[in-house]
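Protein chains: 2
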Amino acid sequence: MADSWIEIPSDSDFSLANIPFGVFRPRGKKLDFRLGTRVGDWVLDLAALEREGYLGGLNLPSSTLSAESLNSFIALGKGITKKVRTRLQELLSRENSSESGLEKDLQTQKKAFFKADEVEMKVPVEVGDYTDFYSSKEHATNVGSLFRDPKNALLPNWKHLPVAYHGRSSSLIVSEDSVYRPWGQYKNKDSDLPVFGPSRQIDFELETAFIIGKETQRGYPVPVDEAEDYIFGMVLLNDWSARDIQAWEYVPLGPFLGKNFASSVSPWVITLEALSPFQTEAPPQDPPILDYLKEKQRYSYDISLQIELKPEGDEALEISKTKFQNLYWTQAQQLAHHTINGCNIRVGDLYASGTISGSSRDSFGSLLELCWKGTRPIRWPSGEERCFLEDGDRVIMRGWGEKDRSRVGFGELSGTILPSPVPSFRG
Amino acid sequence: MADSWIEIPSDSDFSLANIPFGVFRPRGKKLDFRLGTRVGDWVLDLAALEREGYLGGLNLPSSTLSAESLNSFIALGKGITKKVRTRLQELLSRENSSESGLEKDLQTQKKAFFKADEVEMKVPVEVGDYTDFYSSKEHATNVGSLFRDPKNALLPNWKHLPVAYHGRSSSLIVSEDSVYRPWGQYKNKDSDLPVFGPSRQIDFELETAFIIGKETQRGYPVPVDEAEDYIFGMVLLNDWSARDIQAWEYVPLGPFLGKNFASSVSPWVITLEALSPFQTEAPPQDPPILDYLKEKQRYSYDISLQIELKPEGDEALEISKTKFQNLYWTQAQQLAHHTINGCNIRVGDLYASGTISGSSRDSFGSLLELCWKGTRPIRWPSGEERCFLEDGDRVIMRGWGEKDRSRVGFGELSGTILPSPVPSFRG
Numbered sequence: 056m057a058d059s060w061i062e063i064p065s066d067s068d069f070s071l072a073n074i075p076f077g078v079f080r081p082r083g084k085k086l087d088f089r090l091g092t093r094v095g096d097w098v099l100d101l102a103a104l105e106r107e108g109y110l111g112g113l114n115l116p117s118s119t120l121s122a123e124s125l126n127s128f129i130a131l132g133k134g135i136t137k138k139v140r141t142r143l144q145e146l147l148s149r150e151n152s153s154e155s156g157l158e159k160d161l162q163t164q165k166k167a168f169f170k171a172d173e174v175e176m177k178v179p180v181e182v183g184d185y186t187d188f189y190s191s192k193e194h195a196t197n198v199g200s201l202f203r204d205p206k207n208a209l210l211p212n213w214k215h216l217p218v219a220y221h222g223r224s225s226s227l228i229v230s231e232d233s234v235y236r237p238w239g240q241y242k243n244k245d246s247d248l249p250v251f252g253p254s255r256q257i258d259f260e261l262e263t264a265f266i267i268g269k270e271t272q273r274g275y276p277v278p279v280d281e282a283e284d285y286i287f288g289m290v291l292l293n294d295w296s297a298r299d300i301q302a303w304e305y306v307p308l309g310p311f312l313g314k315n316f317a318s319s320v321s322p323w324v325i326t327l328e329a330l331s332p333f334q335t336e337a338p339p340q341d342p343p344i345l346d347y348l349k350e351k352q353r354y355s356y357d358i359s360l361q362i363e364l365k366p367e368g369d370e371a372l373e374i375s376k377t378k379f380q381n382l383y384w385t386q387a388q389q390l391a392h393h394t395i396n397g398c399n400i401r402v403g404d405l406y407a408s409g410t411i412s413g414s415s416r417d418s419f420g421s422l423l424e425l426c427w428k429g430t431r432p433i434r435w436p437s438g439e440e441r442c443f444l445e446d447g448d449r450v451i452m453r454g455w456g457e458k459d460r461s462r463v464g465f466g467e468l469s470g471t472i473l474p475s476p477v478p479s480f481r482g
Numbered sequence: 056m057a058d059s060w061i062e063i064p065s066d067s068d069f070s071l072a073n074i075p076f077g078v079f080r081p082r083g084k085k086l087d088f089r090l091g092t093r094v095g096d097w098v099l100d101l102a103a104l105e106r107e108g109y110l111g112g113l114n115l116p117s118s119t120l121s122a123e124s125l126n127s128f129i130a131l132g133k134g135i136t137k138k139v140r141t142r143l144q145e146l147l148s149r150e151n152s153s154e155s156g157l158e159k160d161l162q163t164q165k166k167a168f169f170k171a172d173e174v175e176m177k178v179p180v181e182v183g184d185y186t187d188f189y190s191s192k193e194h195a196t197n198v199g200s201l202f203r204d205p206k207n208a209l210l211p212n213w214k215h216l217p218v219a220y221h222g223r224s225s226s227l228i229v230s231e232d233s234v235y236r237p238w239g240q241y242k243n244k245d246s247d248l249p250v251f252g253p254s255r256q257i258d259f260e261l262e263t264a265f266i267i268g269k270e271t272q273r274g275y276p277v278p279v280d281e282a283e284d285y286i287f288g289m290v291l292l293n294d295w296s297a298r299d300i301q302a303w304e305y306v307p308l309g310p311f312l313g314k315n316f317a318s319s320v321s322p323w324v325i326t327l328e329a330l331s332p333f334q335t336e337a338p339p340q341d342p343p344i345l346d347y348l349k350e351k352q353r354y355s356y357d358i359s360l361q362i363e364l365k366p367e368g369d370e371a372l373e374i375s376k377t378k379f380q381n382l383y384w385t386q387a388q389q390l391a392h393h394t395i396n397g398c399n400i401r402v403g404d405l406y407a408s409g410t411i412s413g414s415s416r417d418s419f420g421s422l423l424e425l426c427w428k429g430t431r432p433i434r435w436p437s438g439e440e441r442c443f444l445e446d447g448d449r450v451i452m453r454g455w456g457e458k459d460r461s462r463v464g465f466g467e468l469s470g471t472i473l474p475s476p477v478p479s480f481r482g
């Protein structure tokens, strides 16, 4: 990938090879949101670039660029969105600089370029349905060992289908939005009766998620080998969890209030085009799977993932490092399975991976696993300890691919735990 | 309730005491959808009535009445929507007839009145999130007995909280829309390995659902005694289920592809105002519940429910009759619980009751229970038998309240099972 005339730090997730899409507005000004991309430490206003004529000839209805979500832009189809990405790379590349004219057009730059720390981001898509898979074998095995039987940790269906459940769309939030400690019912060990109070076992879950770019009609499954045609791009996702509430409520219909108080996503959607250089082998699958899940070309993506935890007033500690390609089920398999019964999908739908854990303790994707259900605390040099999250704790997730000195990443996904905003709950 | 100058059959669900809200367009004309109400066998176009001046002085932005969903109308708040309902009752009542002028205004009637069988209905709200509860003790007991242990049929949490899970919004359909038989994985009794094929255990589930009329902010629970302020009205819901797919997939995260291929709703939203005359005692609860679920005035609604099943080319048979007030958990308790963790709600959200079963065999709300897991078929005079649904079967659900010769009902919720539309699946 060519250099840019914009200065891009060498460790930036937002190289010219990336060109993600998001929705932003200048911070603190209550202006309208609009579509943008990010390059290095700059956010570029796509609506402004279009108004100034830099996105001409691309068949772009201007309303799609001044919208409050990416949905109508994504719905234009990859035929158009790929061209927009390529055009942006041309406009910003050093070798094309004199041709495009943007480098010298300071007036447009003034209108269209914003410093990344001076904008406010938004959940980038309007999500019709949010589904959460459970596709990491290591995570499912850990959870099965902790809550059921270490000898039969994986349930009989797990290797035959990508297990999943429906999550909550209304409480999807974007990086930097705070998370309020949920109250609810849970059961103490010494009693058969539940008590009511603030959750004492707040956890994070490190996940990625893909976003649907093309709808289907009810009744028509997406074939596994065409699945990526229906995927626009990916984000990071933190599926905040209240383990005590979850443990009491989840039989027989699955997680509910233990999950639906908040799920955070990273603000920039990384396209599959930007991720394609990082395609890599996916884990082998045994026992054999049913035909509708068999991929002619099976692959995953080589994406590094990292979690930091920062207690209020203390330092951030890296507490986990893992890899996306650990996942047993690929995104193509997830989507093929989700639709095999005729369930229809819509542009903007969000499909999360489930917690991504590796096989060693320092690669687990949740505190539940990292601290083995509260028995092995994480320790800070200051003496601070954690098994679950305290008020004021900040969780920071990162993800990126790196190859031949070219880096494409998601940026940061962060969130801080706050006490409930309800006065009677705060005491 | 006064008589109307419109002829309303005495057994109509749509008396002047009802005045439900829905979204329709003249059938077969590809015109725009618009808001309507129903009276007897007539559908009244609210956008047209507004244009002709009959809804003046009500602070109604006209765009809300020519919308594709009820959401913006509902979002105006009960202060306004109640007045619209009262105005419609005034316009249509015999005693007000000369004052309102509508009875004599044949030109407006021509523009605004449509025969009910000449309109096409739509899912009345845009649903952000759809949640399905599990609030019938009889149903949960039956399912627990059939799938787990008859001696411990109810799980330990069931009487302490209204168990629920998130469902799928994209595949919500309206009465008369067909349902395609889902394909998927299930396990035959004699094997440890799943097979792939069309579901052989398609079922219905008789439910009601309430629709949210007022949003909340994340972090702020709805108090149980204020819950009905947040509820606009109710519909019938058929939660189509594929029992074989569900049985194999549902551990540990709950139902997924066994449910999300389709859920049908009735087209007319009955307001809580119209249902208020039918308030009645709700079942007592024992053991005691936590404070946040305790209602100062606990009540349910006296609503009769009925299911008919009509095989193709055969007669419709009434196969179940039950009552809404059988439900152990009230709608107020469901909403208070759903939000106690700070989960925010949005206008148009749909919260279903779960299958409503009574205590006798002829009052169960699903074939699973009516035919006791395939062991006690339903028989037709023709010799036809059913334990699960066959292609061509039509399921018709009805619900109504009746008191002092005044009847308020939901009309019909129907749906027919068709084979998959995918050629390779049809063989």
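Chains as they are written, first to last, in the working numbering: chain A, 56 to 482; chain B, 56 to 482.
Cβ atoms here follow ideal geometry from the backbone N, Cα and C, with glycine treated the same way.
Because the structure is a prediction, the values reported are computed rather than measured.
Among the options, which residue has its Cα nearest to the Cα of residue i?
i	options	result
arginine 273/B	Ile400/B, Arg298/B, Val94/B and Leu423/B	Ile400/B
lysine 214/B	Ile135/A, Gly438/A and Gln240/A	Gln240/A
phenylalanine 76/B	Asn114/B, Gly420/B, Asp58/B and Ser121/B	Ser121/B
isoleucine 374/B	Gln386/B, Leu360/B and Leu143/B	Leu360/B
serine 233/B	Val306/B, Leu291/B, Thr430/B and Ser318/B	Ser318/B
tryptophan 60/A	Glu145/A, Pro322/A and Ile135/A	Glu145/A
proline 237/B	Ile286/B, Ala297/B, Asn197/B and Ser230/B	Ala297/B
valine 402/B	Ile266/B, Arg149/B, Gly108/B and Ser152/B	Ile266/B
serine 408/B	Arg431/B, Asp160/B and Leu382/B	Leu382/B
threonine 119/A	Gly156/A, Gly91/A, Asn293/A and Trp455/A	Gly91/A
isoleucine 411/A	Glu281/A, Thr385/A, Val324/A and Arg431/A	Thr385/A
Under 7 angstroms Cβ to Cβ from residue i, same chain only, skipping five residues before and after it: list those, please.
i	result
phenylalanine 88/B	Val78, Phe79, Arg80, Glu123 and Lys177
In this structure, how does DSSP classify residue i when only helix, strand and coil are distinguished?
i	result
leucine 312/B	coil
glutamate 500/B	Nothing about residue 500/B can be reported from this structure: the residues present for chain B run from 56 to 482 only.
glutamate 62/B	coil
phenylalanine 465/A	strand
leucine 327/A	helix
arginine 441/B	strand
glutamine 388/B	helix
threonine 430/B	coil
aspartate 258/A	strand
isoleucine 300/B	helix
serine 355/B	strand
glutamate 154/B	helix
proline 249/A	strand
serine 319/B	strand
glutamine 340/B	coil
glutamate 457/B	strand
So, at 6 angstroms on beta carbons, what are the nonlocal neighbours of residue i in its own chain, with the 5 sequence-adjacent residues on each side left out?
i	result
lysine 166/B	Ala103
serine 224/A	Val182 and Tyr185
glycine 309/B	Tyr220
lysine 242/B	Pro249 and Trp303
Could you pull out every residue in the same chain whose Cβ sits closer than 8 angstroms to the Cβ of residue i, ignoring the five residues on either side in sequence?
i	result
lysine 486/A	Lying before the first or after the last residue shown, residue 486/A is absent from chain A, which here runs from 56 to 482.
leucine 201/B	Leu423, Glu424, Trp427 and Lys428
glutamate 231/A	Met176, Ser469 and Gly470
isoleucine 451/A	Ile362, Glu363, Leu364, Lys365, Ala371, Glu467, Leu468 and Ser469
glycine 199/B	Pro205, Asn207, Ala208, Leu209 and Leu210
Please determine if the segment 321-338 of chain B and the segment 319-339 of chain A are in contact, where contact requires at least 3 C-beta pairs separated by less than 8 angstroms.
They do not touch, by the three-pair rule.
Mind listing, in chain order, the continuous beta strand (DSSP E) runs of no fewer than 3 residues lying wholly within the segment 70-148 of chain B?
You should have 77-81, 89-94 and 97-100.
Segment contact flag, the segment 180-200 of chain B with the segment 363-374 of chain B, C-beta cutoff 8 angstroms, min 3 pairs:
no
I'd like the ranges of any beta strand (DSSP E) spanning at least 3 consecutive residues and lying wholly in the segment 187-223 of chain A.
219-221
Counting beta carbon pairs with one atom in the segment 94-108 of chain A and one in the segment 257-264 of chain A, are three or more of them shorter than 8 angstroms?
With the cut-off at 8 angstroms, the segment 257-264 of chain A and the segment 94-108 of chain A do not touch.
Count the C-beta pairs between the segment 377-396 of chain B and the segment 332-349 of chain B that are closer than 8 angstroms, then say yes if the count reaches three, no if not.
The segment 377-396 of chain B is in contact with the segment 332-349 of chain B.
The segment 137-156 of chain A in contact with the segment 63-75 of chain A per 3-pair CB rule at 8 angstroms
yes
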